[in-house]
Amino acid sequence: MKVLGKSLLTAVTVVCTAVGGAQVAGAQDRQVLIDSLYPQQVHDAPIGDGGDGVGNSAGQVAPGREDLEPLEPGFDDNRIDNQAGQGWVPTVDPSPVVVSGAMRSDREEIPGGFTKEEADLAEVQEARERLGAAGFERAGGVLPQGVAEAFVAAPVNCRTYWPSPYRVCGAIRKKYDSLGGPASFLTWPRSDEVGVPDGVGRRNEFVNGFIYWHPDTGAHAVSTHFSWVWNNLGWESGPLGYPMEDEVAVGDGLGRKQVFQGGHIYGSLAGLGSVRGRILERWLELGGPTGVLGYPLGDEAGTPDGRGRFSRFTGGMMYWTQETDAHFVTGAIQEIWALSGYERGEYGYPVEDGGQVVNGSVQQQFSRRMLNIEEYIGTELITLPNGKPINSVVFNLTGKEYFNEILQYYDVGATVRENQGPGGPGNQIPKRTVVSPIPVPSIYRYDPNWHGTGDSLNDYCTWSPDDFRPADVYAPAADFRGPCANHDMCYEAVNRGTRDRGYCDSKFLRELYYVCSHVYDRGSGVEGQCRSRAELYYSAVRKAHGD
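Here UniProt numbering is used: position 519 in the sequence shown is 519, and no number is missing along the way.
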């Protein structure tokens, strides 16, 4: 086997990281070694010894975070393969020197986007870590005076994971190994252990994320996707602080979460977001991601007047001020409140939680006045070309495009029963699937000739559409005809004196919600839009039938 040359031996001496105050290798040292093996190799960050989990160079700071910002792995080129390292194994009998044609890189495809130069350096480091001074000499290496002592002093708790030339040490290595090393979602190291700006914490970057260590929190991994949110808030120096736990699945099977010192990060089908402070406390009291508000969308922000804070969720919004505390706004109330200008408009900040149904009416108290949907929509009607009367406010809130689609597909007598599209090459609206979780009772008689005179209860959803259609024209429509038919029949029982109107209305709203939750995934955000329409249509039906 080839004997190391003088320049390479000198490089090996400085690259070895010793404990007890011995020299710690830096980017320049690594470059000397790489240049000895191959030309034109990139520089990299320094490595800590890992002896106590933080390394001897704890004060060493990644300068200005230029090595991380603005883009993380996956920010610009989001082709994240969490299983790229499946099947990884350490190198068998690694060579302590580069032997042309005899390296692992000559026998195997190099994974992870690493170069042959990096892979060969990784193999040399693997051999050095396993052999130590005595083994290195037995393998044919010639160690000058003083170098053997450096090998003996080199930390045994640092490790190289082929084909990455970057080493993982101490508590960070322990965490990495516990996750499965390269076989984990992190795959391979992309940096040596370095310090962070506070001078206390340590981190390693990996292909698909990071592991951060702090004496108060321990070592925890942060995936690339969650690091996007963390980065936007200033990493560990921002309001979230350091991670306190690893990322885990939420119990509903729809999302994932991670706990930090100052808040939580959540991910779902609807996107990524963080929640913190009093808003986090109230949100968790309401059931967190499985509660009425669902998953967060984005991060907490301040209101324009400087008084409040708010967070958006798939099912609504949560607002906080010192005077009002934290309360949520959701559904049709949120939609109307937003049109009025949010907290700057005529209603002000919420002073109680949304979802209030008082004497059958959906309403919520705000700092300036009450918002009651039935009072808001009034009684003005418009008549569609197909003959169906619609509350004018409901029409405007629902959108002209919605009714254009309805009118292209259906006659007044068919409404959504047949889902017959006009067809033909000129039709630009895809034929939707209409999902009906609650069927129309077989004994229900639909009367298409009733036009709002109040003498019939056979019109499905009075003064409102008979279904909900998302903006995505390829998404299914949620059929409300079953709940509306049940409500008509229940009101007939009220007229006969065998039912109470409050019972009928409460059952009607529950059934509308049921349809939304059984057509759309809760974590997608569309269910919340459906519930908003359900409350609007419910209020129009109640308004049509009077007190």
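Think of the CB as a built atom: it goes at the ideal place given N, C-alpha and C, for glycine as much as any other residue.
Here the structure is a predicted model, which means the values were calculated and not measured.
Point to revise | Secondary structure of Ala332, DSSP reduced to three states | key: Residue state, collapsed to three classes: helix.
Check your understanding: Which of helix, strand or coil does DSSP assign to Gln83?
Key -> The answer is coil: DSSP assigns Gln83 none of H, G, I, E or B.
Check your understanding: Would you report the Cα separation of Arg282 and His327, rounded to the nearest angstrom?
Key -> Rounded to the nearest angstrom, the two C-alpha atoms are 8 Å apart.
Check your understanding: Skipping 5 residues on each side, what residues in its chain have a beta carbon closer than 7 Å to that of Pro483?
Key -> Closer than 7 Å at Cβ, skipping near neighbours: Ile438, Phe508, Glu511, Leu512 and Val515.
Exercise for review: Taking Trp213 as part of the beta strand (DSSP E), name the residues at either end of that continuous run.
Suggested key: Counting along the chain, the unbroken beta strand (DSSP E) around Trp213 starts and ends at Gly209 to His214.
Check your understanding: Does the Cβ-Cβ distance between Tyr166 and Ser191 come in under 8 Å?
Key -> For Tyr166 and Ser191, yes; Cβs fall inside 8 Å.
Review point. Under the three-state reduction of DSSP, which class applies to Ile265: helix, strand or coil?
Key: Secondary structure of Ile265 (DSSP, three-state): strand.
Exercise for review: Pull up the distance between the alpha-carbon of Pro389 and that of Val358, whole angstroms please.
Suggested key: For Pro389 and Val358, the distance between alpha carbons rounds to 27 Å.
Check your understanding: Three or more beta-carbon pairs under 8 Å between the stretch 347–354 and the stretch 519–536, yes or no?
Key -> Flag = no, the stretch 347–354 and the stretch 519–536 do not touch.
Review point. Using 8 Å as the threshold, is the stretch 290–302 in touch with the stretch 310–322, meaning 3 or more CB pairs across them?
Key: In the pairwise beta carbon analysis, the stretch 290–302 is classified as touching the stretch 310–322: at least three pairs are separated by under 8 Å.
Check your understanding: Are the stretch 467–477 and the stretch 485–502 in contact at 8 Å, needing three or more beta carbon pairs?
Key -> With a cut-off of 8 Å, the stretch 485–502 and the stretch 467–477 do not count as touching, because too few Cβ pairs lie within range.
Review point. Where Gly277 and Pro239 are concerned, what is the direct C-alpha to C-alpha distance, given to the nearest angstrom?
Key: Cα to Cα, the separation comes out at about 10 Å.
Practice item. Following the continuous beta strand (DSSP E) through Val393, name the residue where it begins and the one where it ends. Key: Where Val393 is concerned, there is no enclosing beta strand (DSSP E), although the alpha helix (DSSP H) around it starts and stops at Ser392 to Thr398.
Exercise for review: Please name the residue, chosen from Ser506, His220, Thr462 and Asn486, that lies closest to Gly546 on a Cα-to-Cα basis.
Suggested key: From the listed residues Ser506, His220, Thr462 and Asn486, the smallest Cα separation to Gly546 is found for Thr462.
Review point. Under a three-way DSSP split, which group does Met489 fall into?
Key: DSSP, reduced to helix, strand and coil, places Met489 within a helical segment of the structure shown.
Check your understanding: To the nearest whole angstrom, what separates the beta carbons of Thr303 and Glu343, a pair I think is in contact under 8 Å?
Key -> Taking the Cβ atoms as the reference, Thr303 lies roughly 6 Å from Glu343, within the contact range of under 8 Å.
Check your understanding: Is there at least one Cβ from chain C nearer than 8 Å to Glu300's Cβ?
Key -> Checking the listed chains, one finds no chain C in this structure; it contains a single protein chain.
Review point. With a cut-off of 8 Å, do at least 3 Cβ pairs link the stretch 116–130 to the stretch 91–103?
Key: These segments touch.
Exercise for review: Give the straight-line distance between the Cα atoms of Glu492 and Ser539, rounded to the nearest whole angstrom.
Suggested key: Taking the straight line joining both Cα atoms gives about 18 Å.
Exercise for review: Counting only the same chain and skipping the five closest in sequence on each side, list residues whose C-beta sits under 6 Å from that of Val393.
Suggested key: Around Val393: Ile377.
Check your understanding: Quick one, are the C-beta atoms of Thr379 and Lys543 less than 8 Å apart?
Key -> Taking 8 Å as the Cβ cut-off, Thr379 and Lys543 qualify as a contacting pair.
Practice item. Please confirm whether Ile265 and Ile211 have their CB atoms less than 8 Å apart. Key: For Ile265 and Ile211, no; Cβs fall outside 8 Å.
Point to revise | Minimum C-alpha distance to Glu300 - residue among Arg369, Glu285 and Val229 | key: Ranking Arg369, Glu285 and Val229 by CA distance to the CA of Glu300 puts Val229 first.
Check your understanding: Is DSSP giving Lys257 helix, strand or coil here?
Key -> It is a strand residue.
Review point. Helix, strand or coil: how does DSSP classify Asn372 here?
Key: Of the three classes helix, strand and coil, the one that applies to Asn372 here is strand, per DSSP.
Practice item. Determine the DSSP secondary structure at Gly273, reduced to helix, strand or coil. Key: DSSP places Gly273 in the strand class (E or B) of the three-state scheme.
**Study point:** Same chain only: Cβ atoms within 8 Å of Ile333, ignoring 5 sequence neighbours per side
**Key:** Result list for Ile333: Gly354, Val362, Gln363, Gln364, Leu371, Ile373 and Glu535, in chain order.
Check your understanding: Is DSSP giving Leu179 helix, strand or coil here?
Key -> Leu179 sits in a helix when the DSSP states are folded into three classes.
Review point. Straight-line CA distance for Phe395 to Leu381?
Key: CA-CA distance, Phe395 to Leu381, rounds to 9 Å.
Practice item. Use the C-beta contact count for Asn258: other C-beta atoms within 10 angstroms, 16 or more gives buried, fewer gives exposed. Key: Per the sequence shown, the amino acid found at residue 258 is Gln instead of Asn. Result: buried.
Point to revise | Contact check, Arg432 vs Tyr460, beta carbons under 8 Å | key: It is not a contact, given that the beta carbons lie outside the stated cut-off.
Exercise for review: Express the C-alpha separation of Val519 and Leu384 in angstroms, rounding to a whole number.
Suggested key: For Leu384 and Val519, the distance between alpha carbons rounds to 27 Å.
Exercise for review: Under 6 Å Cβ to Cβ from residue 550, same chain only, skipping five residues before and after it: list those, please.
Suggested key: Because the chain spans 1 through 547 in this model, residue 550 falls outside it and cannot be assessed.
Check your understanding: How would you call Arg104, buried or exposed, if buried means at least 16 neighbouring beta carbons within 10 angstroms?
Key -> Counting Cβ neighbours within 10 Å, Arg104 comes out buried, since at least 16 surround it.
Practice item. Since I believe Glu118 is in contact with Pro163 (beta carbons under 8 Å), could you give me their beta-carbon distance rounded to a whole number of angstroms? Key: Yes, Pro163 and Glu118 are in contact; Cβ-Cβ is about 6 Å, under 8 Å.
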